[in-house]
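Residue numbers (the working numbering): 11 to 260. Idealized CB from N, CA, C, for every residue including glycine. No experiment lies behind these values; they were computed from the predicted model shown. Working notes, structure below.
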Amino acid sequence: MRCGVDRFQLTRHTRTLAGLTAPVRVVHLSDLHYGPWIRKELVTRWVEAALREAPDLVVITGDFVDAGLRDGIEGLIQALDPLRAPLGVWGVWGNHDRSRFNPLDPLREALALAGVRMLENHGVQLRPDLFLAGVDDLWRGRPDPEAALAGWRGGARLLLSHNPDLLAELRTPVELVLSGHTHGGQVCLPGIGAIHTGSRYGRRFVAGWVEAPQRAFISRGLGVSALPLRWNCPPEIAVHELAPCHRSPK
């Protein structure tokens, strides 16, 4: 049985970020889960939808592959290859990536050929007003936010973390965290909501915007795990229009 997997939504979000001096459009993909239920044709549709948004920056917050992947990743790499943006295509590892590939070198090298650069407790100053950082997976890696943010030289700090549970442990302030991992619950029952989130905090970080302990957006992701089923929780590509904070003249 396959239900709710193939029809995805484009969601649009507008926020101001302290430190920005010019707008930036970020397309946020997450949880592709290439494997038994997600194949090249569907990933190609996601990439085409992302490119139609003319993003300045593309980020992918982990779980490129599913832990249940039994064949190669050629289809994934071919589908991702056209994905480009002026400020780059950047990603972080998820728990499924680390479960399927140990060591990660073959996946890292293949993604690099497709133009996807991985942030592993590392950051890059994309513009004078924008710093992008990414941390390793919270469950199966060794995330180090301080190391990831060490190269910050000014502007807004945008942090990628596959698992939103990192929010409860993050001690360094940033302007925005982008995460995935939860799939928004994947199956959400009327009147109840997500029945499983993969988070130690239950539904606190299940999906969408949170403002505390830090501002973050948690994507519902695009793929599936365990079963090819989504219910009341459609796959999502998030488009973030991030703008400077303009103060009113006195």
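*Mark Asp73 as exposed unless 16 or more other C-beta atoms lie within 10 angstroms of its C-beta, in which case mark it buried.*
By the C-beta density criterion, Asp73 is buried, having at least 16 other C-beta atoms within 10 angstroms.
*Please go through the same chain and pick out, in chain order, the residues whose beta-carbon is closer than 8 angstroms to the beta-carbon of Leu176, but skip the five residues on each side of it.*
For Leu176, the CB contacts under 8 angstroms within the same chain, skipping 5 residues up- and downstream, are Val145, Leu148, Pro153, Pro155, Val187, Ser189 in chain order.
_DSSP beta-bridge partners of Trp100_ = Its beta-bridge partners are Val69, Arg127.
_Buried versus exposed call for Pro259 [16 or more other C-beta atoms within 10 Å across all chains shown]_ = Note that Pro259 scores 44 on pLDDT, short of 50, meaning its location in the model is unreliable; the coordinates nonetheless yield the value given after this. That one is exposed.
_In this structure, how does DSSP classify Ile87 when only helix, strand and coil are distinguished?_
The DSSP-derived three-state label of Ile87 is helix.
*Could you tell me whether the Cβ atoms of Gln135 and Arg163 are closer together than 8 angstroms?*
By the CB criterion at 8 angstroms, Gln135 and Arg163 fall inside the cutoff.
_Going by C-alpha to C-alpha distance, which of His43, Gly29, Arg25 sits closest to Arg35?_
Looking at the Cα atoms, Arg25 is the closest of the given residues.
_Could you give the first and the last residue of the continuous beta strand (DSSP E) run that contains Pro254?_
Run containing Pro254: 246–254, per the beta strand (DSSP E) assignment.
*Which residue's Cα is closest to the Cα of Gly101: Ala32, Leu67, Leu79, Cys13?*
Nearest in C-alpha terms to Gly101, of all of Ala32, Leu67, Leu79, Cys13, is Leu67.
*Only counting runs of 3 or more residues, tell me where the beta strand (DSSP E) segments fall wholly within the region 181–239, in order along the chain.*
Qualifying beta strand (DSSP E) stretches, in chain order: 186–189, 218–220, 226–228.
_Tell me the DSSP secondary structure of Arg150 in three-state form._
Shown here, Arg150 sits in coil according to DSSP, grouped into three states, outside any helix or strand.
*Please report the Cβ distance between Pro244 and Ala178, rounded to the nearest whole angstrom; I am assuming they are in contact, meaning their Cβ atoms lie under 8 angstroms.*
Rounded to whole angstroms, the Cβ separation of Pro244 and Ala178 is 27 angstroms, and the two are not in contact under 8 angstroms.
*In terms of residues, what are the limits of the alpha helix (DSSP H) holding Arg167?*
Looking at the DSSP string, Arg167 is not in any alpha helix (DSSP H); the run it does join, the beta strand (DSSP E), is 166–170.
*How many Å lie between Arg17 and Trp56 at the Cα?*
If you draw a straight line from the Cα of Arg17 to the Cα of Trp56, it comes to about 10 angstroms.
*What span of residues does the alpha helix (DSSP H) with Arg108 cover, start to end?*
Judged by DSSP secondary structure, Arg108 falls within the alpha helix (DSSP H) whose first and last residues are 105–110.
*When Leu123, Gly165, Leu90 are compared against Pro33, the one with the closest alpha-carbon*: A check of alpha carbon separations from Pro33 across Leu123, Gly165, Leu90 identifies Gly165 as the nearest.
*Which whole-angstrom value describes the C-beta separation of Leu61 and Pro92, a residue pair presumed to lie in contact below a C-beta threshold of 8 angstroms?*
Indeed, because the Cβ distance is near 7 angstroms, the residues count as touching under 8 angstroms.
*Burial state of Gly212 (16 or more Cβ within 10 Å)*: Counting of Cβ neighbours within 10 angstroms places Gly212 among the exposed residues, the total staying below 16.
*With contact counted as at least three CB pairs below 8 angstroms, one residue from each stretch, are the region 240–254 and the region 42–51 in contact?*
Of all C-beta pairs linking the region 240–254 to the region 42–51, fewer than three are shorter than 8 angstroms, placing the two stretches out of contact.
*asked:* So, at 6 angstroms on beta carbons, what are the nonlocal neighbours of Arg167 in its own chain, with the 5 sequence-adjacent residues on each side left out?
replied: When the five nearest sequence neighbours on each side are left out, the beta carbons in the same chain lying within less than 6 angstroms of the beta carbon of Arg167 are those of Phe141, Val184, Glu185, in order along the chain.
*Return helix, strand or coil for Arg55, following the three-state DSSP convention.*
Three-state DSSP puts Arg55 in a helix.
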